[in-house]
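As structure tokens, the structure follows; a few thoughts come after it.
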Amino acid sequence: MKWDLLIPLLFILFIGIPHGASDILIARRRFKNSWLKISFFIIGYVFVAIIFTATWFLYPTLCLALFLFISGLHFGLLDTIKMPTSSLKLIQAFIYGLTPIIIPIVFHTREVNEIFKLLLFDDNNEIALQIKHFFLVWLLGLIVFFVKYPESSQRQVLEIIALASLLVTTPPLWGFAFYFCFVHSIRHFLNLRKELNNLERFDVIALFMTSVATIALVALAGFLLEGNGMEESLLKVTFIGLAALTVPHMLLVDLYPRIRTTSF
Numbered sequence: 045m046k047w048d049l050l051i052p053l054l055f056i057l058f059i060g061i062p063h064g065a066s067d068i069l070i071a072r073r074r075f076k077n078s079w080l081k082i083s084f085f086i087i088g089y090v091f092v093a094i095i096f097t098a099t100w101f102l103y104p105t106l107c108l109a110l111f112l113f114i115s116g117l118h119f120g121l122l123d124t125i126k127m128p129t130s131s132l133k134l135i136q137a138f139i140y141g142l143t144p145i146i147i148p149i150v151f152h153t154r155e156v157n158e159i160f161k162l163l164l165f166d167d168n169n170e171i172a173l174q175i176k177h178f179f180l181v182w183l184l185g186l187i188v189f190f191v192k193y194p195e196s197s198q199r200q201v202l203e204i205i206a207l208a209s210l211l212v213t214t215p216p217l218w219g220f221a222f223y224f225c226f227v228h229s230i231r232h233f234l235n236l237r238k239e240l241n242n243l244e245r246f247d248v249i250a251l252f253m254t255s256v257a258t259i260a261l262v263a264l265a266g267f268l269l270e271g272n273g274m275e276e277s278l279l280k281v282t283f284i285g286l287a288a289l290t291v292p293h294m295l296l297v298d299l300y301p302r303i304r305t306t307s308f
């Protein structure tokens with residue numbers, strides 16, 4: 045059993061992925077406990093995830109590229125949520141959010157490429173080598189924003205340096221698991237607590253049940269798809285499932301402040 049793969053995957057499964065289960069709480073607040081609207085939300089959420097999963101098997105390279113792009117944007121929007129709004133805020137957020145993605149690709153290219161090969165079902169794919177060329181663009185963007193907004197960017201730059209140091213010195217899966225579970229997910233929960241105010245008993249039960257159901261489905265899919273080994277199958281299911289859930293999760297979480305004031 046490959047514990048170096050299994051343990052970080054379990055962290056992602058039991059700590060990282062459940063943070064998306066809180067989407068049902070956002071929907072409940074957004075739709076003011078209208079069970080009809082909440083039902084449509086759940087159906088739409090699952091539908092988007094299923095469509096993305098099906099598309100992955102048809103166009104895996106395109107979907108992986110899209111997953112990396114929206115993940116970088118999603119990470120960055122949360123990481124820069126306290127920064128002043130500017131005309132370049134979206135680009136700035138994307139640059140910051142790329143850190144946990146671009147650093148492992150650059151400094152652990154071979155290991156990351158092996159993971160990508162599993163996700164793309166292609167032993168000859170070298171996509172990590174191609175993405176590696178964007179490192180200088182990312183670094184230049186980081187420098188430009190630090191020079192342009194030195195005061196508001198100081199905390200983010202220090203955080204990026206600390207995170208990059210961790211990502212350089214740890215295996216890629218461990219580094220990503222740390223960021224996803226103990227930086228992004230915790231930050232998401234803290235921000236969510238402010239938006240949702242008090243959690244009711246129903247919220248806790250719904251959050252728990254949704255988390256358990258998500259983990260159970262991923263574990264079951266990993267078991268059913270076991271071929272080259274449990275760890276490899278679990279890795280495929282975890283990241284493809286994570287990608288499928290990230291699309292509706294990002295649409296809800298990152299657009300929520302904007303659609304909150306929209307009346308239906």
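Residue numbers (this note's numbering): 45 to 308. Even for Gly, the Cβ is constructed at its ideal location relative to N, Cα and C.
### Query
For N235, which residues from the same chain have a beta carbon less than 8 Å from its beta carbon, with the 5 sequence-adjacent residues on both sides left out?
For N235, where only same-chain residues beyond five positions count, the Cβ hits under 8 Å are L122, I125.
#### Entry: Distance CB(F357)-CB(H63) smaller than 8 Å
Given a span of 45 to 308 for the chain in the structure shown, any question on residue 357 remains unanswerable.
### Task
Given a cut-off of 8 Å, decide if L163 and L49 are closer than it, judged by their beta-carbon atoms.
Contact: no.
### Query
Grouping DSSP H, G and I as helix and E and B as strand, with all else coil, what is I147?
In the three-state scheme derived from DSSP, where H, G and I count as helix and E and B as strand, I147 is classed as helix.
### Message
Counting beta carbon pairs with one atom in the stretch 168-177 and one in the stretch 141-158, are three or more of them shorter than 8 Å?
### Response
With a cut-off of 8 Å, the stretch 168-177 and the stretch 141-158 count as touching, because enough Cβ pairs lie within range.
### Chain-order list of residues whose beta-carbon lies under 8 Å from that of I94 (same chain, five-residue window excluded)
Within the same chain, Cβ atoms closer than 8 Å to the Cβ of I94 are found at A288, the five residues on either side in sequence being excluded.
### Task
For the stretch 198-224, list the beta strand (DSSP E) runs that are entirely contained and at least 3 residues long, ordered along the chain.
Whole beta strand (DSSP E) segments, 3+ residues: zero.
### Query
Mapping DSSP to helix, strand and coil, what is E155?
E155: helix per DSSP, three-state reduction.
#### Entry: Sufficient close CB pairs (3 or more, under 8 Å) joining the stretch 196-211 to the stretch 80-94
By the C-beta criterion, the stretch 196-211 is judged not to be in contact with the stretch 80-94, since fewer than 3 inter-stretch pairs fall below 8 Å.
### Query
Around the C-beta of A260, are 16 or more other C-beta atoms found within 10 angstroms, so that it is buried, or is it exposed?
A260 comes out exposed.
### Buried versus exposed, by CB contacts within 10 Å (16 or more), F160
With a threshold of 16 other beta carbon atoms within 10 Å, F160 meets it and is buried.
### Task
Taking L69 as part of the alpha helix (DSSP H), name the residues at either end of that continuous run.
First-last of the alpha helix (DSSP H) with L69: 67-74.
#### Entry: Status (buried if at least 16 other CB within 10 Å, exposed otherwise) for Y103
By the neighbour-count rule (16 or more Cβ atoms within 10 Å), Y103 is not buried but exposed.
#### Entry: Distance, C107 Cα to I284 Cα
One C-alpha to the other measures close to 9 Å.
### Message
For G88 and K133, I'd like the C-alpha separation in whole angstroms.
### Response
Straight across, the Cα-Cα distance linking G88 with K133 is about 29 Å.
### CB contact flag (F226, L210, <8 Å)
For F226 and L210, no; Cβs fall outside 8 Å.
### Task
Decide if S307 is buried, meaning its Cβ has at least 16 other Cβ atoms within 10 Å, or exposed.
Note that S307 has pLDDT 43, beneath the 50 cutoff, so the model's placement of it is unreliable and the number below is only indicative. An exposed status is given to S307, since fewer than 16 other beta-carbon atoms sit within 10 Å of its beta-carbon.
### Task
Specify the secondary structure class of K176 as computed by DSSP and reduced to three states.
Helix.
#### Entry: Endpoints, alpha helix (DSSP H) assigned at D123
That run of the alpha helix (DSSP H) goes 104-123.
### Message
Could you compute how far the alpha carbon of L112 sits from the alpha carbon of I145?
### Response
If you take the alpha carbons of L112 and I145, they lie about 7 Å apart.
### Query
Where S277 and V256 are concerned, what is the direct C-alpha to C-alpha distance, given to the nearest angstrom?
In a straight line, the C-alpha of S277 is about 20 Å away from that of V256.
### Task
Starting from the Cα of I230, find the closest Cα among W47, I59, V291 and give me that residue.
Comparing Cα-Cα distances from I230 to each of W47, I59, V291, the minimum goes to I59.
### Spatial distance of K76 from F252 (CA atoms)
If I take the Cα positions, the gap works out to 21 Å.
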